[in-house]
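Numbering (our numbering), first residue to last: 7 to 293.
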């Protein structure tokens with residue numbers, strides 16, 4: 007178990023389009039202030055608030071929403087070393103330990119020093135064309151090279167640490183973190199990895215007469231995805247796609263920043279969370 011975590015300067019953020027998120031965030035802010043915590047409240051999309059996070063004014067950010075809100079918070083907070091506590095108002099919440107009805111109970115644990123910090127690896131995806139870098143993005147979940155609007159599959163080759171692993175004819179290829187193993191990679195048939203792992207997971211999407219198994223790379227390994235057909239795009243953590251051309255390549259490595267999450271109890275929370283979601287998803291289906 008890591009050292010106890012007790013923040014002093016908090017910011018509570020809400021998704022502006024999620025019903026009830028701001029009301030819940032304001033109730034949290036009032037509760038925290040009543041307990042002597044220096045706390046402000048605002049939208050996760052507010053540029054002034056985001057600047058304050060980047061300036062280091064806060065030592066914890068509470069993201070009120072769903073996994074998408076936590077993903078956006080991760081992109082903001084990881085480069086600035088700000089831990090994130092998610093409160094789930096959404097449907098899934100694989101990234102979130104606390105539900106809407108539980109936050110008072112967990113905030114009390116925060117006050118009494120029962121919280122700890124979990125570090126999760128992020129990815130760095132860099133797009134190259136003719137030897138020139140066209141852009142770099144960090145991902146908490148995954149970087150995906152996939153077909154664009156055309157329905158034809160794409161041809162891709164994956165090189166691990168400079169050596170060819172295999173070629174794919176598929177709808178795409180996912181390079182995911184352990185965190186992302188419960189997201190798109192899971193839907194594509196990949197395994198669930200423990201959150202503390204620092205391995206890259208490769209999962210093909212609807213492969214056609216190609217390797218159809220996921221591959222877990224050794225810790226420290228990198229992958230280069232070479233595009234061998236037209237109609238490919240790159241999307242990082244579900245953000246708007248970047249058009250790729252034949253002979254482009256996307257290099258994916260472990261990022262030099264880490265997403266920090268505020269957790270409670272023992273690390274087994276992850277498996278309990280996953281199991282609960284799996285059981286919930288199976289309700290209503292014939293057994």
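Glycine included, C-beta positions come from ideal geometry on N, C-alpha and C.
With a Cβ-Cβ cutoff of 8 Å, do residue i and residue j count as a contact?
i: residue 266; j: residue 125; result: yes
i: residue 178; j: residue 149; result: no
i: residue 171; j: residue 187; result: no
i: residue 248; j: residue 80; result: no
i: residue 77; j: residue 243; result: yes
i: residue 164; j: residue 208; result: yes
i: residue 122; j: residue 276; result: no
i: residue 101; j: residue 92; result: yes
i: residue 280; j: residue 227; result: no
i: residue 31; j: residue 19; result: yes
i: residue 137; j: residue 238; result: no
i: residue 183; j: residue 144; result: no
i: residue 46; j: residue 133; result: no
Identify whether residue i lies in helix, strand or coil by the three-state DSSP scheme.
i: residue 279; result: helix
i: residue 96; result: coil
i: residue 137; result: coil
i: residue 41; result: coil
i: residue 294; result: An answer regarding residue 294 cannot be provided, because it is not within the stretch 7 to 293 covered by the chain.
i: residue 186; result: helix
i: residue 86; result: helix
i: residue 142; result: strand
Grab the span of the alpha helix (DSSP H) containing residue i for me, first residue to last.
i: residue 73; result: 73-83
i: residue 55; result: 53-60
i: residue 148; result: Careful: residue 148 lies outside any alpha helix (DSSP H), inside the beta strand (DSSP E) at 148-153.
i: residue 182; result: Here residue 182 belongs to no alpha helix (DSSP H); instead the beta strand (DSSP E) covers 178-182.
i: residue 161; result: No alpha helix (DSSP H) contains residue 161, which is instead part of the beta strand (DSSP E) from 160-166.
i: residue 111; result: 109-117
i: residue 203; result: First-last for residue 203: undefined, no H or E at that position.
i: residue 192; result: 190-193
Please report the residue range of the beta strand (DSSP E) in which residue i lies.
i: residue 20; result: 15-20
Of the choices the options, whose alpha-carbon is the least far from that of residue i?
i: residue 206; options: 224, 192, 87; result: 224
i: residue 215; options: 159, 48, 12, 120; result: 159
i: residue 17; options: 252, 273, 116, 43; result: 43
i: residue 90; options: 73, 66, 256, 221; result: 66
i: residue 259; options: 127, 100, 137, 219; result: 127
i: residue 85; options: 264, 115, 28; result: 264
i: residue 88; options: 57, 282, 241; result: 57
i: residue 162; options: 261, 13, 240; result: 240
i: residue 269; options: 238, 112, 191, 185; result: 112
i: residue 131; options: 220, 278, 68, 231; result: 231
i: residue 72; options: 22, 257, 143; result: 22
i: residue 28; options: 284, 68, 193, 110; result: 68
Under a CB-based cut-off of 8 Å, is residue i close to chain C?
i: residue 231; result: Among the chains of the structure shown, chain C does not appear; only one protein chain is present.
Any chance you could list the beta strand (DSSP E) runs of at least 3 consecutive residues sitting entirely within the stretch 206-287, in chain order?
-> If you keep only unbroken beta strand (DSSP E) runs of at least 3 residues inside the stretch 206-287, you get 207-211, 229-233, 238-242, 248-250, 255-270.
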